[in-house]
Amino acid sequence: MATRSRTKTATRSRRAPVLDQRTAQPLATTNAAGAAGERLSVRKTYKLYIGGAFPRTESGRAYEVFDARGRLLANACRGTRKDIRDAVRAARKAQPDWVARTAFNRGQILYRIAELMEGRRDQFIAEVMDAEGMARRRATRVVDAAIDRWVWYAGWADKYAQTLGTVNPVNGSYFNFSVPEATGVVGLIAPEGSSLLGLVSRLAPIIVSGNAAVVIASESRPLPAVTLSEVLATSDVPGGAVNLITGLRRELVQHLAAHMDVNGLDAYGLDPAQAAAIEELGVENVKRLVRPPSSGSDGVDWLSERSQSPYQIGEFVEIKTVWHPIGA
Amino acid sequence: MTLTKKPETRPAPASWGLAARGKVPWEYAAAPEATDHITIRPEYGLFIDNEFKPSRPRATFTVINPATEESLAKVAKASRADVNRAVTAARRAYQHTWSQLPGSERAKYLYRIARIMQERSREFAVVETMNSGKPIKESRDVDVPLAAAHFFYYAGWADKLDYAFPGREPRALGVAAQVIPWNFPLLMLAWKIAPALAAGNTVILKPASTTPLTAYLFADVVRQADLPPGVVNIITGPGEIGMELVTHPEVDKVAFTGSTAVGKMIARAVAGSHKKLTLELGGKAANIVFDDAPLDQAIEGIINGIYFNQGEVCCAGSRLFAQESVYEPLLDKLKDRLSTLRVGDPLDKNTDVGAINSAGQLAKVQELVQSGIDEGAEIFQPDCVLPDKGFFFRPTLFTGVSQSHRIAQEEIFGPVLSVLTFRTPDEAIEKANNTPYGLSAGVWTEKGSRIFKMVSAMRAGVVWANTFNRFDPTSPFGGYKESGYGREGGMHGLAGYLDLSPNGTHRR
Chain S
199 MATRSRTKTA TRSRRAPVLD QRTAQPLATT NAAGAAGERL SVRKTYKLYI
249 GGAFPRTESG RAYEVFDARG RLLANACRGT RKDIRDAVRA ARKAQPDWVA
299 RTAFNRGQIL YRIAELMEGR RDQFIAEVMD AEGMARRRAT RVVDAAIDRW
349 VWYAGWADKY AQTLGTVNPV NGSYFNFSVP EATGVVGLIA PEGSSLLGLV
399 SRLAPIIVSG NAAVVIASES RPLPAVTLSE VLATSDVPGG AVNLITGLRR
449 ELVQHLAAHM DVNGLDAYGL DPAQAAAIEE LGVENVKRLV RPPSSGSDGV
499 DWLSERSQSP YQIGEFVEIK TVWHPIGA
Chain G
23 MTLTKKPETR PAPASWGLAA RGKVPWEYAA APEATDHITI RPEYGLFIDN
73 EFKPSRPRAT FTVINPATEE SLAKVAKASR ADVNRAVTAA RRAYQHTWSQ
123 LPGSERAKYL YRIARIMQER SREFAVVETM NSGKPIKESR DVDVPLAAAH
173 FFYYAGWADK LDYAFPGREP RALGVAAQVI PWNFPLLMLA WKIAPALAAG
223 NTVILKPAST TPLTAYLFAD VVRQADLPPG VVNIITGPGE IGMELVTHPE
273 VDKVAFTGST AVGKMIARAV AGSHKKLTLE LGGKAANIVF DDAPLDQAIE
323 GIINGIYFNQ GEVCCAGSRL FAQESVYEPL LDKLKDRLST LRVGDPLDKN
373 TDVGAINSAG QLAKVQELVQ SGIDEGAEIF QPDCVLPDKG FFFRPTLFTG
423 VSQSHRIAQE EIFGPVLSVL TFRTPDEAIE KANNTPYGLS AGVWTEKGSR
473 IFKMVSAMRA GVVWANTFNR FDPTSPFGGY KESGYGREGG MHGLAGYLDL
523 SPNGTHRR
């Protein structure tokens, strides 16, 4: 197999097209039925993840997901505006509980995500190989990095407030300090190319501080994200703290960006050509926004340590400053 | 009902035992601040490359004293071509001088500026008061010292940026466009320019069109400090010129303080660009008083919270939430205290409430107050005599206000307090957060655990507990929700002026 470079063009060319039309191909799942006499495999239905449950899209519609070689992998939910709105409502409902957890508890839960991903490591490797057309060795590195990234951010849960917060020596007899607080409900447009590691690298810093997230998964490679949502559902992450919608970006992104009850939007995975329009939609309620890199997120080296940072946690926290007089 | 007909008014109470209650109000002799040491030039040009230059084509507009409605000076009205000139000057200065200087040298320039502002503090205070209408005791004791302190604070950061952001290589962004409001003309200038220069950027500042004079006085300080030409540029003109400035392709950073509506226009205009944006927008702060609060202290905090600077403060405590059990004594004391406020000549050293900044703003305050009356709230104004000329408005409070009233929802930006009540802490939290804004909040209680519960429940960027309207260069200031994003002041205030990306994605 040819060496796989991480250049933008290489990633793009490997990406399977998303079709509106059905191809009626047989599913090429890795555990497909073998020769006569072997057991017929039980396939998985890939669903949305909203409020801790796994509903199908309210539209009842699906789109076909292909592997890097163009073989049909599954029918994924073709989510809608209504699904986005349901997800935002679930996120808003769950956020007070999630943010009220102690930092210690959120750290424990993020670590638990890593533990459960480790248990499903082979499944993730197989799905990343299918989705991203990677050889096993590279897919293994990617999945391991995704697991390790949860561990890394789990450790930050009870530390970022100490690096982002300050005690301020004001010129007067007041005690004054500044602390970071979660922004609230944050939308995430996951990277299109890096279906698992890219998603984890953006999602973990959003939720570690107590934000609830509504994620639009990679359109062409949504399956590893759906499997991740199954891990989240069993990791003590409260239902609704993370919600995941699959579907066509042109039918979803604008509704997440314009939603008045979404406080922030990580548009890192957005096509830069759409950045201006989507950013404008977010202005009406003064959304905090992370723009996509100018050349898009496909060129990002997600394995690099540069793809993890406490400053990323800082993108979706608000600094609150408190004053109190000092006196007897 | 009209504004002139007041249901209840009170003369100054006889708290000093010198005047009988209900009879003669306390009389004060005039205590005017001297203005003979002030020179305001008849005309100011745009400040570009350390020179005052007329706009092209030559055009000016008149700046007035809102307390007398008399003309103070003419200032240049910038054109699109002038914006270009200013940005070009700033870009050139950034590339050839300012970005080449070590941080320690930038620091020394900023220290110089701070010192000169301190030396010329009274001049700044008097001009600020003449141009803005704010009481001299506020410009003298708050605005000007804080502005100088801001430069002093950020001066020290200029050569210590690496320590503020460990694991990053902080780099300047380039050219910063800064648009500021008329309520704290000099202080907002300092909040904008000091961190921008400390971080290594060059700036173009557009002051509000009613209050450019202290900015042009500051230009004089820039020259005295011998700052390299083009590092600080100041242009004046209408709002469209501000929009030209922030959308200029050679601008890398946009900082805006002002109304939420204009902030959104700016955010839309720079959407999709590389420009880093910080917004400090409107507010509708809740000031929450529990029944165990030290009442006299709270009264002072409430008064300072809403009548400081005629209430023309984005973080003004414009919604008072009084716990029902303390509502009546609190209201009674509040009305008494309100009646002792001295309204009038901003240059008088005893004046508490000066002039509203402009006829337009006065009309807006009047309109919103009328809406309060029309919607059924009960108005109280003290029986004070207002000057014949100038834009004055009586300190006002409304009782019987409901959450849906416009005076409880919209930012008035005037000396108007809406009083509401609550029973439980949870109800106070619910009501206080029931606004699209989230700039500031106040909590008054003697119970420590309750302070922390309330402080963490407030969706607001600054929370004052048992105090209000305190500001300091070391203390980050800025909003949640539609009150904007980014912080000004403190270490956090540097971040908005630096490229902190791991691989320099902001770098051009």
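So the protein sequences, as listed, match chains S and G. Heads up, the first sequence stops at 526 in the working numbering, and the numbers go up one at a time, no gaps. Heads up, the second sequence stops at 530 in the working numbering, and the numbers go up one at a time, no gaps. We put the CB at the ideal spot given by N, CA and C, even for glycine.
With 8 angstroms set as the bound, which would you pick, yes or no: does the beta-carbon of T120 of chain G sit closer than that to a beta-carbon of chain S?
First, the residue type needs correcting, since residue 120 of chain G is Trp and not Thr in the sequence shown. For W120 of chain G, no CB of chain S lies under 8 angstroms from its own CB, so it is not counted at the interface with that chain.
Secondary structure of V481 of chain S, DSSP reduced to three states
Residue state, collapsed to three classes: helix.
Quick one: using the 10 Å Cβ neighbour count with 16 as the cut-off for buried, is Y50 of chain G buried or exposed?
The C-beta of Y50 of chain G has fewer than 16 other C-beta atoms within 10 Å across all chains shown, which makes the residue exposed.
Can you check whether the C-beta of H522 of chain S is within less than 8 angstroms of a C-beta belonging to chain G?
So, interface residue.
Could you give the first and the last residue of the continuous beta strand (DSSP E) run that contains Q345 of chain G?
Counting along the chain, the beta strand (DSSP E) containing Q345 of chain G begins and ends at R341 to Q345.
Looking at G467 of chain S and P436 of chain S, is the spacing between their C-beta atoms short of 8 angstroms?
Against a cut-off of 8 angstroms, the Cβ pair of G467 of chain S and P436 of chain S comes out as no contact.
If we define contact as Cβ-Cβ less than 8 angstroms, is Y372 of chain S a contact residue for chain G?
For Y372 of chain S, the closest Cβ of chain G is nearer than 8 angstroms.
V365 of chain S classed as buried or exposed, judged by whether at least 16 other C-beta atoms fall within 10 angstroms
The C-beta of V365 of chain S has fewer than 16 other C-beta atoms within 10 Å across all chains shown, which makes the residue exposed.
Chain S within 8 angstroms of R492 of chain G, Cβ atoms only
Yes, its Cβ sits closer than 8 angstroms to a Cβ of chain S.
Could you work out which residues of chain G lie near Y359 of chain S, taking near to mean beta carbons separated by less than 9 angstroms?
Before going further, note that residue 359 of chain S is Ala rather than Tyr in the sequence given. In chain order: nothing, as chain G lies at least about 12 angstroms away.
Contact between the region 374 to 385 of chain S and the region 422 to 434 of chain S: three or more CB pairs below 8 angstroms?
At 8 angstroms Cβ cutoff, the stretches do not touch.
To which residues of the same chain is A289 of chain G closer than 8 angstroms at the C-beta, ignoring the five residues directly before and after it?
If you ignore the 5 residues before and after A289 of chain G, its C-beta comes within less than 8 angstroms of the C-beta of L299 and L301, all in its own chain and listed in chain order.
At 3 residues or longer, what runs of the beta strand (DSSP E) sit wholly inside the region 232 to 283 of chain G?
Within the region 232 to 283 of chain G, the complete beta strand (DSSP E) runs of at least 3 residues are 254 to 256 and 275 to 279.
Run through DSSP, which three-state label would S93 of chain G get?
Correct three-state label for S93 of chain G: strand.
Under a three-way DSSP split, which group does G453 of chain G fall into?
In the sequence as presented, Gly is not what sits at residue 453 of chain G; that position holds Lys. In the three-state reduction of the DSSP assignment, K453 of chain G falls in the helix class, which pools H, G and I.
For Y349 of chain G, decide whether its Cβ has a neighbour in chain S, counting only Cβ atoms nearer than 8 angstroms.
Judged by the 8 angstroms Cβ criterion, Y349 of chain G is not in contact with chain S.
Coil, strand or helix - K75 of chain G by DSSP:
Three-state DSSP puts K75 of chain G in a strand.
Local Cβ density within 10 Å of K411 of chain G, reported as buried at 16 or more and exposed below that:
Looking at its Cβ environment, which holds fewer than 16 other Cβ atoms inside 10 Å, K411 of chain G is exposed.
Does DSSP put D313 of chain G in a helix, in a strand, or in coil?
The answer is coil: DSSP assigns D313 of chain G none of H, G, I, E or B.
Under 8 angstroms between beta-carbons, which chain S residues line up against S497 of chain G? List them in chain order, please.
Scanning chain S for C-beta atoms nearer than 8 angstroms to the C-beta of S497 of chain G yields N366, V368, N374, S376, T519 and W521, reported in chain order.
Our contact map puts Q306 of chain S next to P403 of chain S with C-beta atoms below 8 angstroms; I'd like the distance itself, whole angstroms only.
Going by Cβ atoms, the distance from Q306 of chain S to P403 of chain S rounds to 17 angstroms, so no, they are not a contact pair.
Exposed or buried, what is G285 of chain G when buried is set at 16 or more other beta-carbons lying within 10 Å of its beta-carbon?
So G285 of chain G counts as buried.
Any residues in the region 293 to 312 of chain S with a beta carbon nearer than 9 angstroms to a beta carbon of chain G? Which ones, in chain order?
If the cut-off is 9 angstroms between Cβ atoms, the region 293 to 312 of chain S has nothing near chain G.
Just grab the DSSP bridge partners of R193 of chain G for me.
In DSSP, R193 of chain G forms a bridge with G:D521.
According to a CB-to-CB cut-off of less than 9 angstroms, which residues of the region 391 to 411 of chain S neighbour chain G?
Listed in sequence order: no entries.
Anything in the region 498 to 510 of chain S with a Cβ closer than 7 angstroms to a Cβ of chain G? List those residues in chain order, please.
For the region 498 to 510 of chain S, which is checked against every Cβ of chain G, the residues closer than 7 angstroms are R504, S507 and Y509.
Could you tell me the alpha carbon to alpha carbon distance between A231 of chain S and L463 of chain S, rounded to whole angstroms?
Legend: pLDDT at A231 of chain S = 49, less than 50; position of this residue unreliable, value from coordinates given subsequently. Using only the alpha carbons, I get a separation of about 42 angstroms.
For the pair the region 127 to 135 of chain G and the region 175 to 183 of chain G, tell me if three or more CB-CB distances fall below 8 angstroms.
Counting Cβ pairs under 8 angstroms, three or more are found: they touch.
For G460 of chain G, collect the residues of the same chain with a Cβ closer than 6 angstroms to its Cβ; drop the 5 residues on either side in sequence, then sort them by chain order.
Only R481, A482, G501, Y502, K503 and S505 meet the Cβ criterion.
Whole runs of the alpha helix (DSSP H) within the region 277 to 308 of chain S, excluding any shorter than 4 residues:
List check, alpha helix (DSSP H) in window: 279 to 298.
In three-state terms, what does DSSP make of I20 of chain G?
An answer regarding residue 20 of chain G cannot be provided, because it is not within the stretch 23 to 530 covered by chain G.
Does the beta-carbon distance from V335 of chain G to T519 of chain S come in below 8 angstroms?
For V335 of chain G and T519 of chain S, no; Cβs fall outside 8 angstroms.
With C-beta atoms as the reference, is T495 of chain G less than 8 angstroms away from Y175 of chain G?
Looking at the sequence itself, residue 495 of chain G is Pro, so the reference to Thr does not match. With a cutoff of 8 angstroms on beta-carbon distance, P495 of chain G and Y175 of chain G are scored as near each other.
How would you write the range of the alpha helix (DSSP H) that N106 of chain G sits in, first residue to last?
Counting along the chain, the alpha helix (DSSP H) containing N106 of chain G begins and ends at R102 to H118.
What is the residue span of the alpha helix (DSSP H) that A171 of chain G lies within?
According to the DSSP assignment, A171 of chain G belongs to the alpha helix (DSSP H) that extends over V166 to W179.
Boundaries of the beta strand (DSSP E) in which S143 of chain G is found, first to last residue
Per DSSP, S143 of chain G lies in no beta strand (DSSP E); the unbroken alpha helix (DSSP H) holding it starts and ends at S143 to S154.
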